[in-house]
Each structure stands twice: as C-alpha cells, then as structure tokens.
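Just so you know, the sequences run in chain order A and B. The working numbering numbers the first residue of the first sequence as 198 and each following residue consecutively. The working numbering numbers the first residue of the second sequence as 513 and each following residue consecutively. Everything on this sheet refers to the single structure shown next.
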Amino acid sequence: MKEKFKRLFSGGLGQMTIPIIALALLVIFNLIRDTSFFSIGIMHNNDGNAVLSGNIITIINGASELAILAMGMTLVTAACGGQDISVGAAAAIAGSVFVKVLKASTAISGGTVVLAFLCACIVAMLFALFNGTLVAVFKIQPMIATLILYTCGRSIAYWINGGATPTVYSSIITAIGGFIPGIPVPTPVLIVVVMALLFRVLFHFTSLRLFTQSVGINGDAARLNGINSTFIKLLSFLILGVCVAVSGCIGVSRLGLINHETLLLDIEMDTILAVAIGGNSLGGGKFKIGGSIIGAYVIQTLTITLYAMKVSSTDVKAYKAIVIILMVVIGSPVVKERFGKFMARLVHGSKRVSVKGVEE
Amino acid sequence: MKGTIFQRREPLNDTQLLMTITIGIFVVMYMLAVILLGGGFLHAQQIFDMLNDNASLVIVSCGLTIVMIGGGIDISVGAVTSLVVMSCVLYLNKGGNIFISILLAVGIGLVFGLVQGFLISYMEIQPFIVTLAGMFFARGMTTILSVNPQKVDHEAFSKLRDTKIEISWLGYKAKNGNLVPARIELGVVVAVVCVILAFLLLKYLRLGRGFYAIGGNQKSALMLGINVKLTRFMSYVICGLLSGISGYVFMMHTGAGNATNAAGMEMNAIAASIIGGTLLTGGVGNVIGTLFGVLTLTTIKKIVVSSGLNDPWWQSITTGGMLCFFILLQSIVLGRRAKKKKT
C-alpha cells in the first residue's frame with residue numbers, strides 16, 4: 198500500500214497519471230456543479246432515428262477528430278521529436294479534395310464516397326510525404342518544416358475550392374457526420390474506435406512501436422542497429438497523413454460543406470496539447486497512444502464544461518490556458534520531485550540524507 | 513593596411529553566412545522587382561511603407577530571434593501584441609494618460625515574459641506548451657475585454673499617431689506635379705532602436721553571449737559557469753517586453769483595437785526569423801538578419817500583389833514557397849559545411 202502510494206505521488210503510475218487524474222477531476226467538478234451533467238438520454242433526431250444524447254455523447258462525439266489526429270501526432274512526436282503544426286491546414290486540403298471529387302460525380306453513392314475518401318487520403322499523404330521528406334531527409338526540425346504548409350495550406354484549400362465554400366447534400370455524408378440509421382452511437386465515435394483498433398493491430402503485428410521509440414530516443418544508435426530511421430520518420434508522417442484525411446472527411450461530413458477558413462481551426466494546437474497531456478514527451482522517444490486519446494477527451498471535456506458554464510466560445514481560450522498551466526505545473530518534473538521528496542519525508546517520518554548530485 | 517581589411521583571419525561563421533545569404537537574396541529580389549515591375553519599387557517610400565506597415569512585426573521578430581537563439585520558442589507574441597493593443601485602446605478611451613498607457617503596454621508584456629520565463633526555465637516545462645497556453649490566455653483575455661472593434665478616441669494619442677517624420681529629398685513627384693515627401697512613422701524609429709539595442713545586446717553583452725551559449729550546447733554552457741536557468745529566463749523576459757512594445761507600436765499604426773489584431777503574427781515572426789538565418793535548434797542567428805527577413809517576406813507579398821496575381825490565395829502560397837526555399841537552402845548550406853569540417 199505504502200509502495201503504491203509513493204509510486205502514485207512520484208508520478209510512478211506511469212505517464213497515464215496526469216491525464217487520468219485530470220479527467221477524473223473534471224468529472225468530479227462537473228458532478229458537483231450539476232448532477233445531471235452526465236445523464237444520457239435517448240431522443241429522436243430529424244430523420245426519426247433513436248439516438249443517444251447528453252453531454253457525454255457530445256463530448257465523445259466532438260473529440261473524434263482531435264482523438265484521431267492525436268493518435269497520428271503521437272507517432273510523429275515519438276519518432277521525430279517534434280510536432281506537425283500543419284494538420285489543420287492539411288485537413289482543410291483533404292476536405293476540399295473530398296468535396297471536389299464528390300461534386301464531380303453526378304450522383305453520390307457509396308462508391309463515390311469511398312473514391313473521394315481515397316483521393317483525399319492520397320493528397321493528404323502526398324503533403325505528409327513533403328513534410329516527412331523535409332524532416333527525415335533534409336533533417337529540418339518538424340515545427341519549421343511544417344510551418345510551410347501551415348502558412349499556405351488553407352490557401353491551397355481555398356484554391357482547390359475555387360474561392361467558394363461548396364456544399365454537398367447526401368444521406369451518406371449525413372450518416373458519416375451524424376448517425377447511421379439504426380445505430381444510436383454517433384458515427385465519428387465508431388470511426389475513432391476503428392482507428393484505435395487499427396493502431397492496436399499495427400503495433401501488435403509489427404515492430405513499429407519499438408522501432409519508433411528507438412528512433413526517437415537516439416536516431417544514430419537506431420541506425421547503427423540496422424533500423425532505417427529515415428524510413429521510420431517518413432512512415433510516421435504518412436500515418437499522420439491518413440489520420441488527417443480521416444478527420445478532415447469527418448469534419449466536412451458533419452456540416453456538409455467545406456469552409457477552408459474554419460474547418461478544424463486551431464486543431465494543431467489542441468492536438469499537440471492532447472499529446473502532451475497524455476504524458477508523452479514532446480522531445481520524442483517513449484509514447485502511449487492511449488494517453489493521447491485520453492488527453493483529447495480531457496480537452497474536449499474542459500471545453501464543453503466551459504460552454505455549459507455559459508462561457509462564450511471566444512473567451513473559452515483564456516480559461517483553457519489557466520487549466521493547462523495548472524495541469525502542466527502539477528506534472529512538471531520539478532514539482533513532482535519536490536512533492537515526491539515531501540511525501541517520502543512524510544511517510545518515513547524523518548529527514549533523509551541526500552547527497553547532492555547523485556540524482557543527476 | 514589593405515590586408516587587414518580585405519583578408520579575413522577566419523572564415524564566416526554560420527550566423528554570418530546565413531545572414532549574408534538573406535541580405536543577398538533580398539537585394540537581388542528587390543532589384544528584380546524594380547526591373548520587372550518598375551514604378552513604385554523605385555521610390556524610397558516603398559521601403560518606408562514596408563517598414564511602416566511592419567514595425568511591430570520587426571520588434572516581435574527581434575524578441576523571438578533572441579528566444580530562438582537561446583534554443584526556445586515563444587508562440588504567444590502575436591496574442592500578447594493583440595492584448596496590449598486592446599487594453600491600451602480601452603484605457604485611452606476612458607481618458608487615460610499617454611505615459612501610463614505606454615507603461616501599461618510594457619507592463620503587460622513584461623508580466624507575460626516573467627511568468628512564461630519562470631515556468632519554462634525554473635519549472636522545466638516545455639516552452640511550446642507554456643507559450644501556447646500564454647497565447648490562448650492572451651487571445652481569450654482580448655475577447656473578454658471586448659469582442660467589438662474599438663477605435664481610439666483620444667486627442668493626445670491622435671497627435672502622437674499622426675506624427676510622421678518627413679524627408680523631402682527622398683520624396684517623389686506625384687502625377688499632379690506636387691512633391692510628396694517620404695514619410696516615416698514613429699513606430700519605425702522605435703523598431704530601429706529595438707533592433708540596434710538587441711544587436712548590441714547579442715554582440716557585446718555577457719547576457720547576449722550567454723544566449724548563444726545555452727542555445728548551442730546547454731551542458732557546455734553550464735560547465736562554463738553560465739547560469740543557464742537565469743539566462744533562459746531573461747530571454748523570455750526580453751521577448752515579452754518586446755511584445756509589449758510591439759503592441760503599442762501596432763496601436764500607433766492602426767489606432768484601433770480588434771480581437772483579430774495581429775492574427776498569425778507569431779508564425780510570421782517565426783518565418784521572418786528563419787528567413788533571417790536563425791535556427792530553431794538555437795545558437796545561430798542575428799537580429800539584423802531578422803530585420804531583412806521581415807523585409808524579404810514583405811517584398812514577396814508586394815511583388816505578388818503588383819504582378820497581378822489578385823486571387824486571395826496567392827500571397828500565402830508564395831510565402832510558403834519562399835519559406836520552403838529558404839529552409840531547404842539553409843539545410844543544404846549548413847549540411848555541406850558540417851561535412852567539410854569533418855573531412
């Protein structure tokens with residue numbers, strides 16, 4: 198018991214400590230504030246389907262794009278030790294391609310949607326390849342390399358749309374962005390589950406996790422051990438590209454239109470935050486995708502909680518910032534070390550003699 | 513005598529090399545613009561206009577360059593600028609004093625710098641996360657202060673805003689024959705002073721040399737007896753201070769506060785620093801290069817507009833392309849030098 202206690206407070210529960218505690222705190226806070234916050238009901242939507250409703254569903258549904266992007270971002274962060282800040286812009290491009298292909302066909306059937314998604318995927322992967330080449334081959338820091346696409350990505354999306362914000366009407370698109378008739382769970386949530394399972398399968402049947410971590414921890418050592426670090430980095434970007442295409446298509450399907458300016462706006466920042474809250478080092482190395490997914494839900498819960506407290510959508514950022522800072526301060530190495538020492542002193546009841554420099 | 517001037521004892525270091533490339537490309541690009549598009553690019557006013565419009569960006573980029581030389585990053589600068597503009601506008605509209613409004617601007621910037629610097633260097637939290645939170649906070653506070661655009665309605669401030677330095681011999685003849693003198697806003701003077709001070713700080717002061725040291729190799733810097741934590745802290749404080757000043761200059765240029773002020777300025781500032789030859793890994797960079805980085809960015813935009821690519825997307829696409837070019841160029845040049853050193 199004592200040992201467990203100690204582990205928990207010295208952050209020994211592993212990297213999942215912070216996200217789980219944060220999520221738990223948010224849930225408790227909401228329960229105190231409003232006991233009915235987490236009630237789930239069933240209502241009928243416009244099409245007459247019975248669907249789940251309630252704040253939890255809104256949170257889980259709303260965080261779908263973020264969760265999917267966070268999965269891919271975790272991989273890139275782990276392999277390259279940097280972040281892709283162009284995911285929002287790339288998602289706008291992918292969404293534009295998605296709509297463009299749908300618009301080109303006369304009738305929207307299941308086949309055209311698949312085709313459109315594949316096209317979006319290919320385009321997103323091409324841009325990811327561009328980012329990946331800059332990072333892996335030319336050895337440019339990821340943030341700078343992706344700054345290029347961040348600067349011009351949304352303009353490229355605008356260009357693809359020809360300076361308009363086209364809309365698509367189709368029952369299939371509505372089903373992707375909302376509910377499939379007969380299934381009460383929102384479709385984006387199902388897509389997140391599928392993506393998470395795909396990652397699980399990928400890591401189960403390949404050595405990608407090990408390779409990515411070793412490239413992230415020490416690229417040169419990994420190379421000397423026979424791992425093609427350039428390829429691993431490129432691969433992580435390509436996987437992120439797929440995630441970007443998926444989330445871009447979900448974002449488009451939700452509204453049934455592509456707006457290059459507002460589609461997944463500022464999501465790159467939230468994604469990186471989700472990765473960091475998930476306890477992953479932003480400097481690369483070891484990673485847990487589960488942590489990032491929980492991080493994404495933490496952010497969304499926070500946002501929805503603030504909305505429920507009647508904070509306007511533009512003001513949310515300020516409160517979010519305060520919570521973020523509190524969270525990272527609690528999780529910072531300095532505070533952890535001090536607190537761990539304090540707890541140890543409390544448990545042992547006596548001052549421990551520590552030699553300076555031993556821990557270094 | 514001749515020998516000492518024309519023969520360098522040592523080859524250019526990375527900072528000087530990248531800066532030289534930037535300045536060279538700026539000059540070539542500007543000359544191309546003059547030859548191909550002519551007209552407006554020949555007037556001195558064109559350069560002054562570029563500075564008038566971008567004085568606050570120059571100041572912000574200087575601060576960012578200092579942070580980046582120290583191996584950090586600050587993405588809150590644009591948001592802080594916007595917050596400063598909004599608070600000063602609201603303060604002045606309540607009938608405030610100009611002197612106190614300047615103190616307010618500098619104070620807000622300083623507070624952001626102090627808090628962020630403390631969290632980053634003493635609490636050892638990743639700079640990206642801290643300054644991201646700072647950016648969110650500043651943007652959120654701006655909209656909490658006012659969602660609607662606010663115009664300054666203050667007599668003394670209007671006088672200050674409209675004060676322009678006029679240089680008649682650099683002016684040009686307008687179509688109706690009148691001589692239009694070249695105009696420089698006060699903000700440009702502030703910006704130039706900031707650049708010079710930052711340059712002197714980086715070149716001659718112990719603190720400035722410390723930035724290069726901790727950015728180049730933190731462990732070596734520690735072993736040399738440099739107070740790494742304090743030095744990093746100071747880099748964020750200076751950056752915050754410059755963001756505050758930049759906010760005031762921004763307000764002097766626009767004369768109004770808006771929640772979307774300075775949107776995307778942090779990325780423009782990062783781009784300007786990179787084009788100016790600063791490496792995000794730290795240890796290499798120069799504020800003079802950054803100044804030319806801002807000018808290069810602006811020249812590209814001007815060229816795009818004057819060459820008739822009027823569709824709204826061309827500006828940022830060409831900026832992105834230019835950024836790509838510079839980043840690749842740096843990577844190749846530095847990669848080659850590293851290879852040469854090894855052999």
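Heads up, the beta-carbon is just placed ideally off N, CA and C, and yes, glycines get one too.
Nearest CB-CB separation between B/THR643 and chain A: not below the 7 Å threshold. With 16 or more other Cβ atoms inside 10 Å of its own Cβ, B/TRP825 counts as buried.
From the beta-carbon of A/LEU344, the residues of chain B found nearer than 7 Å are MET779, ILE782, ALA783 and LEU835.
Of the residues assessed, B/PHE624 falls on the buried side of the cut-off, its CB having 16 or more other CB atoms within 10 angstroms. Boundaries of the beta strand (DSSP E) around A/SER250: 247–250. When secondary structure is reduced to three states using DSSP, B/TRP825 falls in the coil class, being assigned neither helix nor strand.
In summary, B/GLU667 is exposed, with fewer than 16 beta-carbon neighbours lying within 10 Å of its beta-carbon over all protein chains present. Taking B/THR790 as the centre and dropping the five residues before and after it, the same chain places the C-beta of THR577, MET580 and GLY797 closer than 6 Å to its C-beta, in chain order.
Contacts with chain A (Cβ-Cβ distance below 8 Å) from the segment 728–742 of chain B involve no residue at all. Of the candidates A/PHE408, A/ASN415, A/VAL386 and A/MET466, A/PHE408 places its Cα closest to the Cα of A/PHE428. Residue contact check for B/MET746 against chain A: no CB pair falls below 7 Å. Taking 7 Å as the threshold, the shortest C-beta distance from B/SER843 to chain A falls below it. Counting the other CB atoms within 10 Å of its CB gives B/SER568 a total of 16 or more, which places it among the buried residues. Take A/ALA247, set aside five residues on each side of it, and the residues of its chain with a beta-carbon closer than 8 Å to its own are ILE239, MET240, HIS241 and PRO381, in chain order.
Cβ contact annotation for A/VAL296 (same chain, cutoff 7 Å, sequence separation greater than five): PRO363, VAL365, VAL449 and ILE455, in chain order. For A/VAL398, no beta strand (DSSP E) run applies; the uninterrupted alpha helix (DSSP H) run containing it begins and ends at 384–402, by DSSP.
Contacts between A/THR348 and chain B, judged by CB atoms closer than 9 Å, involve GLY776, MET779, ASN780, ALA783, SER828, ILE829, THR831, GLY832 and LEU835 in chain order. In this structure, A/VAL495 lies near A/LEU220, with their beta-carbon atoms less than 7 Å apart. A buried status is given to A/LYS485, since no fewer than 16 other beta-carbon atoms sit within 10 Å of its beta-carbon.
Of all C-beta pairs linking the segment 832–844 of chain B to the segment 324–341 of chain A, three or more are shorter than 8 Å, placing the two stretches in contact. Excluding five sequence positions before and after B/ILE620, the CB atoms of its chain that fall closer than 6 Å to its own CB belong to VAL596 and GLY756, given in chain order. Residue pairing by DSSP places B/VAL692 opposite B/TYR684 in a beta bridge. Per DSSP, reduced to three states, the secondary structure at B/GLY737 is coil, with no helix or strand assignment.
Spatial neighbours of A/SER293 in its own chain (CB-CB distance under 7 Å, excluding positions within 5 residues in sequence) are listed in chain order as ALA354, ILE357, ASN358, ILE455 and HIS457. Assignment of beta-bridge partners to B/THR830 by DSSP yields no partner.
Contact check for A/VAL443 against A/ALA276 fails: the beta carbons are separated by 7 Å or more. For A/HIS241, there is no enclosing alpha helix (DSSP H); the residue is part of the beta strand (DSSP E) that begins and ends at 238–241. Here B/GLN662 really is in contact with B/LEU602; their C-beta atoms are around 6 Å apart, less than 8 Å. With respect to chain A, the C-beta atom of B/PHE648 has a partner C-beta closer than 7 Å. With respect to chain B, the C-beta atom of A/LEU479 has a partner C-beta closer than 7 Å. Nearest CB-CB separation between A/PHE484 and chain B: not below the 7 Å threshold.
A/ASN328: member of the alpha helix (DSSP H) spanning 307–333, first to last residue.
Nearest neighbour of B/PHE745 by Cα position, chosen from B/GLY607, B/LEU554, B/LEU549 and B/MET635, turns out to be B/MET635.
Counting the other CB atoms within 10 Å of its CB gives B/GLY607 a total below 16, which places it among the exposed residues. If you check each beta-carbon in the segment 227–247 of chain A against every beta-carbon of chain B, none falls closer than 9 Å. Of all C-beta pairs linking the segment 387–403 of chain A to the segment 263–272 of chain A, three or more are shorter than 8 Å, placing the two stretches in contact.
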